[in-house]
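Read top to bottom, the protein sequences are chains A and B. With this note's numbering applied, the first sequence has no gaps in its numbers, which climb one by one up to 714 at the end. With this note's numbering applied, the second sequence has no gaps in its numbers, which climb one by one up to 714 at the end.
There are 2 protein chains.
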Amino acid sequence: MPANMRTAIYLCLAFVLGSVIGNPVVANQRSTVNELALMPVPASVKIQPGRLPVSATFTVATKGYADDRLRAAITRMIARLAGRTVLSLSYDLAADENAAALVIQCERAGELVPSFKEDESYRLNVTDKQARLTAPTVVGALRGLETLLQLLQSDRDGFFLPGVEITDQPRFQWRGLLIDVGRHYQPLEVLRRNLDAMAAVKLNVLHWHLSEDQGFRVESKKYPKLQQMGSDGLYYTQDQVKDIIGYARERGIRVVPEFDIPGHATSWLVGYPELGSAPGPYKIERGAGIFEPALDPTREQTYKFLDGILGEMAGLFPDEYMHIGGDENEGKQWDRNQQIQAFMKEKGIKDNHALQAYFNQRVLKILQKYNKKMIGWEEIMHPDLPTNAVIHSWRGPASLAEAAKRGYNGILSAGYYIDLSFPASQHYVADPLPENSTLSAEEAKHVLGGEATMWGEWVSPETIDSRIWPRTAAIAERLWSPRSVNNVDDMYRRLAVISRQLEELGLTHEKNKGMLLRRLANSDNTGPLRTLTSLLEPVKEYRRYEMRPQTMLSPLTGLVDAARPDSDTARHFTSNVDEFLSDAPRFALYRSTLERTLTEWQNASRALGPMVDRSPALQEARPLLNSLSAIAEAGLEATSYLTAGNAATTEWRDAQLARLDEAAKPKAALEFVVITSVRKLVIAAAELPQLKSTTPVEWNKRVTIMAAKP
Amino acid sequence: MPANMRTAIYLCLAFVLGSVIGNPVVANQRSTVNELALMPVPASVKIQPGRLPVSATFTVATKGYADDRLRAAITRMIARLAGRTVLSLSYDLAADENAAALVIQCERAGELVPSFKEDESYRLNVTDKQARLTAPTVVGALRGLETLLQLLQSDRDGFFLPGVEITDQPRFQWRGLLIDVGRHYQPLEVLRRNLDAMAAVKLNVLHWHLSEDQGFRVESKKYPKLQQMGSDGLYYTQDQVKDIIGYARERGIRVVPEFDIPGHATSWLVGYPELGSAPGPYKIERGAGIFEPALDPTREQTYKFLDGILGEMAGLFPDEYMHIGGDENEGKQWDRNQQIQAFMKEKGIKDNHALQAYFNQRVLKILQKYNKKMIGWEEIMHPDLPTNAVIHSWRGPASLAEAAKRGYNGILSAGYYIDLSFPASQHYVADPLPENSTLSAEEAKHVLGGEATMWGEWVSPETIDSRIWPRTAAIAERLWSPRSVNNVDDMYRRLAVISRQLEELGLTHEKNKGMLLRRLANSDNTGPLRTLTSLLEPVKEYRRYEMRPQTMLSPLTGLVDAARPDSDTARHFTSNVDEFLSDAPRFALYRSTLERTLTEWQNASRALGPMVDRSPALQEARPLLNSLSAIAEAGLEATSYLTAGNAATTEWRDAQLARLDEAAKPKAALEFVVITSVRKLVIAAAELPQLKSTTPVEWNKRVTIMAAKP
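This is the structure:
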């Protein structure tokens, strides 16, 4: 990282931490603060003098309450510490507290079943003598152990923990990740490694979206046709479910199951068509979108079935809450079913929303019978819904505020749809309780937190990690850290470090890209392809399916699957272009970096032609090559004009902008994310003469405004 | 690949295939033969005109016998085909045989429990109309499906299967991979993906080495202290064992369990010290090597216990064979135990070998009671051993031949110790029945095959794949293909292709290297580190433990773990140097490649200094940087002398050779594998004057001889 960026970041971080520190020691320890990469940032961090070396003699002692969960967490922590340091650390707890490098002191186990009422707070004090982690509960200690691992640093003298005093607790109690295994089944090891990653960034709810139009993924012993006919054989046995719940609990993570009803339930109807609102037969849905099948809310048989299955699942899942979905039922089957229409008339139910409210009331009674509280997507909100239900806001934050005002607890997912390929920066600014919230303090307490949602249309076991991570760590920070922790550049600085650490837990977000590219190229020589994909992101929102229709059975091995959201390369390029232009009229800053980068793109576009010829799996990339070539050429020529001090003609500019417009059009469901910066270069080249009559700062503003697409 | 190497390989391949083909069509289809990358090479391949396109309409039909195992294999094959082609293929079987691209015709299921008596033969005929796979058994069809996937090729016109007629069956019936989970436990997903990889190269035995001094890895319900006290909690439940056996059976793979007794059994004695030949107490062994603890062969209690545990395991593992180890018991505990000495005297047992033979006789009776045949390491061979036992040869091929002469069936592992970091080429030439074998045809039938052995001292779930693959594919070829298939260059050409294909099965041998380097460097910028490790291999044989002692609890995340056996870079460099020198006195061939390569090494050695400074985990690499620098400098200077036609002085030569000698010394349990080639360059530079008085060929011979270390 260039020195001036480091300075900028340091200033930002100092600002961020300054707001919670206010300690004169900080000023003397800047270099250390600058290197901290904690994510989520703790509620309070005070830098202290000194450092605790981490050597082969590092040992841990416990004091006060300790149990198997804590001891297992210590073992895992030591394994990760040993892995990073390549030191043969001892796994035996130190008998003598004074001899231990780390002392962990807890008061109690915490909730028997993980709960959002858990006390997750901890304090971590590191001096040159010892590190002390104290927490009321073992779960708090688990959170603190993750912070400890993030503190590990090194220099020529070895590994060490910097002197700090950290006091930490979460801003929100409900910090979740939804994994949709309905649309694409995910093997147990995918869930396990993602639970490890969640724990690393202090998320505490796995929202397990277990049923969808495209699959019912849990074994029911009562209604076995659910999984037998509704899952293609891809489901979790009850033993496996227990295994995942236990694995999550070990990490202080709740498992909230979702059984999405009355819509999104086609897979239920394959084995039990009698539950549907149309006669059937039904088959497992293979497409993506919103489908018509819905449970029939007017027949007692439906509720008898739901009592059976939800009762069975209530026994399997210990969490206090059960998510019943409730979203996106358009009621088209209901409209066409005369018996349903007659029922509505008879009961005075005026529309489908009211009919669904009736359905929810009945489901609520079933859940209550099994001692479960209801959570559902925002559509479930209705005057008849009791206020101990939790509202899951997905269409926008307004419903969350409205729910809070009406006295419902709520969680936010609008803004955290990680399946839509938006950058981390965009998720990072979505706040469940923004500064301008109109909620009273009392109402604000109803905002429990939020959940990132990994909807499963376009993720396979090979790619899912790269869709969740590292971006979800930024969301985890939003949900844990103080609202004032909001510097995007510093978030990205730390995200890069955390992303690497996630790899030690088996996450494949980084390493699978090379594998996907090798398969596509049928070659180990994937350099040019890597260059290309580093500039591309999958199209945003739901455009992928429009541009490149596939079914749930289609392979997820294309170029769009190898490309990742939130291109680092593009972010660095954007920053370099801005620095370069800010150096007007000299244009020396980052000049060689830009030229080298653009030349690399040009070389890649040339090298890729023969590769695409050989690899039919890359055919869809062909139009991207012309775009890449146009981008590189425009950028190189513009840079050359600027550095030579020659103004480009408007004809040249317009020709380049036209080519860039063409390059900006998505192809193969991918889009280049450097176009705006190249537009800036092109426009700047044509605007060179204006530099004489204005300041560089004003000139830059003008160029930036012109480059922003009309 | 340079054109002249392609030609060379083509000629070799034509020779190889020519010996089994003898078909005039071959001559007309050379370009296609040249591109085939089948591994193991089938018994007979005939090239036919035409090609079968693989498009989105590709479907499969079955004819004759079909069962769930076959259908599941077809589904897996389609998923892999779809993954590579990015085509949305149908998973539904074609109803009409004529409309299908591939027709599979079997006669019967094959053995209920996979057996080495299985008929694994198949025929695969591909024309421009259709592919037909016929096999007597479903297992034969599974083998043929793997060949089909290896046949997939592509060009500008799309994906296709080339026209071929393949008739195939294995040379040996027992083609195994031993995975030692005793020293390091391996999770189920590691076993599953390795079973997939085994199936891909037609291996048919997973030899599951389940107990060791360092761990007892199976749940015993009868003697639960075995796993409770002997495994650190890392063991397979009986359900998980059944799961793995089922997974293997689906792929036509046997699972032969090994319970290594009477030595290598420390972990048994932790829970059951009364079985030992010394009083105990015992604890789980953490070191590597040969240890003293051994079961007491003189007490009835031992046999009662073995009857219990082996009986329980006989019920769990359906294979006809049970491996009882029997290796490396030095009998030191026996020598010191007076009761044992008295027993030997009383029974007239003259030495420890005889005592172990007595023990084996008793174990044999137990196995017979449970209808199991015995297999054990070669030490079990003894006049009293019945000839239906299988001898597992590990110290050398002599014992295999001796066993065959005495009428025992035997398998070979000597030569296939993949834990020792030797290159694939070395394993490839080890033949269970070499051409110069002195066995009669009848005796030769006793040679059943062989097994690669993945001993587990230094492998973690992160690194084990890189120790097994791709080298084991070369061993798989040795055990399946005709003996005449033995061209090393062509093996490596195909191995590179197969290695990439293994990645689609989830194997991590390639992708985990980057992850390990990122962790070591604590940075994404691992280019120079990758260059360094590409020239290094772990030291061979058992020197790693001597040079860099660790326990079984130590992290396997060091540079030696990131480096892989059998460096491709070194092999290519060696070849380039030879080509370059063969071009004497012009020295133009590969000159620029060599210069670029050596310069890259020099740059890497410079860039690595600061990286090592920052990363204490890389401290052990520091001495390697000087070596790398010396190697690069010597190579560059020598190349410069040669291309300029200037003879180097003997002083210069001696100084360089001395530096290279220093560089050749292993450091951090790693060694450079390019030294001999650089020595060649250095010596050649000093020998330039001799070129005038001899032919380039003679001159090259002389240089080669001089460069070979005295």
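We treat Cβ as the ideally placed atom computed from N, Cα and C, and that holds for glycine. These figures come from a predicted structure and were not determined experimentally.
A straight line joining the alpha-carbon of B:ASP355 with that of B:THR270 spans about 22 Å. Listed in chain order, the non-local C-beta contacts of B:GLY400 below 7 Å within the same chain comprise ALA418, local neighbours out to five positions each way being set aside. The straight-line gap separating the alpha-carbon atoms of B:THR66 and B:GLU101 is approximately 7 Å. Scanning the region 307-357 of chain A for uninterrupted alpha helix (DSSP H) segments of 4 residues or longer gives 336-340 and 342-351, listed from N- to C-terminal end. Of all residues in the region 562-586 of chain A, only GLY562 come within less than 8 Å of chain B when Cβ atoms are compared, listed by chain position.
The way I'd put it, the region 566-586 of chain B doesn't touch the region 312-320 of chain B; fewer than three beta-carbon pairs between them come closer than 8 Å.
Separation of A:MET458 and A:ARG221 (C-alpha to C-alpha, rounded to the nearest whole angstrom) is 16 Å. Of the residues B:ARG84, B:GLU115 and B:VAL130, the one whose Cα lies closest to the Cα of B:ARG55 is B:VAL130. In this structure, the alpha-carbon of A:SER538 lies about 31 Å from that of B:GLU39.
With the rule of 3 Cβ pairs closer than 8 Å, the region 630-638 of chain A counts as touching the region 663-676 of chain A. Here A:ARG196 has TYR251 as same chain residues with Cβ atoms under 7 Å from its own Cβ, once five neighbours each way along the sequence are excluded. Taking the beta carbon of A:THR61 as reference, no residue of chain B falls within 7 Å; the closest one sits roughly 14 Å away. B:PHE163 has a beta carbon lying within less than 8 Å of a beta carbon in chain A. Taking 8 Å as the cut-off, the beta carbon of B:ASP331 is found no closer than this to the beta carbon of B:ILE288.
For B:THR653, the nearest beta carbon of chain A is not closer than 8 Å to its own beta carbon. DSSP, reduced to helix, strand and coil, places B:PHE577 within a helical segment of the structure shown.
For B:ARG523, the closest Cβ of chain A is nearer than 8 Å.
Assignment of beta-bridge partners to A:LEU299 by DSSP yields A:GLY280. Rounded to the nearest whole angstrom, the C-alpha separation of B:LEU640 and B:LYS684 is 12 Å. In the structure shown, B:MET551 falls within a helical segment according to DSSP collapsed to helix, strand and coil. Interface flag for A:ASP300 against chain B is unset, since no Cβ pair is found closer than 8 Å. Contact of B:SER125 with chain A by beta-carbon distance below 8 Å is absent, the smallest such distance being about 29 Å.
Interface residue (Cβ-Cβ distance to chain B less than 8 Å): A:THR601 is not classified as such. Here DSSP, grouped into helix, strand and coil, assigns B:TRP473 to coil.
Nearest in C-alpha terms to B:THR597, of all of B:PHE577, B:ASN607, B:GLY256 and B:GLY454, is B:PHE577. Using a Cβ-Cβ cut-off of 9 Å, A:TYR227 is close to nothing in chain B; its nearest Cβ partner there is about 23 Å away. A distance of 8 Å or more separates the beta carbons of A:ALA76 and A:GLU304. Distance check between A:MET326 and each of A:ASN516, A:PRO301, A:ALA346 and A:ILE370 places A:ILE370 closest, using alpha-carbon atoms only.
The alpha-carbon separation between B:VAL433 and A:MET615 amounts to approximately 35 Å. Every beta strand (DSSP E) of 3 residues or more that sits fully in the region 172-230 of chain B is shown, in chain order, as 178-184 and 209-213. Restricted to the region 509-571 of chain B, the alpha helix (DSSP H) segments that are unbroken, complete and at least 4 residues in length are 515-525, 531-538, 547-551 and 563-566, listed in chain order. What A:PRO670 touches in chain B, judged by beta-carbon distance under 7 Å, is nothing: the nearest beta carbon there is about 18 Å away. In the displayed model, B:ALA70 falls within coil according to three-state DSSP, outside both helix and strand. Spanning the alpha carbons of A:LEU424 and A:LYS449 requires a straight line of approximately 29 Å. With a threshold of 8 Å between beta carbons, B:GLN660 makes no contact with chain A. DSSP places B:HIS396 in no alpha helix (DSSP H) but in the uninterrupted beta strand (DSSP E) bounded by 394-397.
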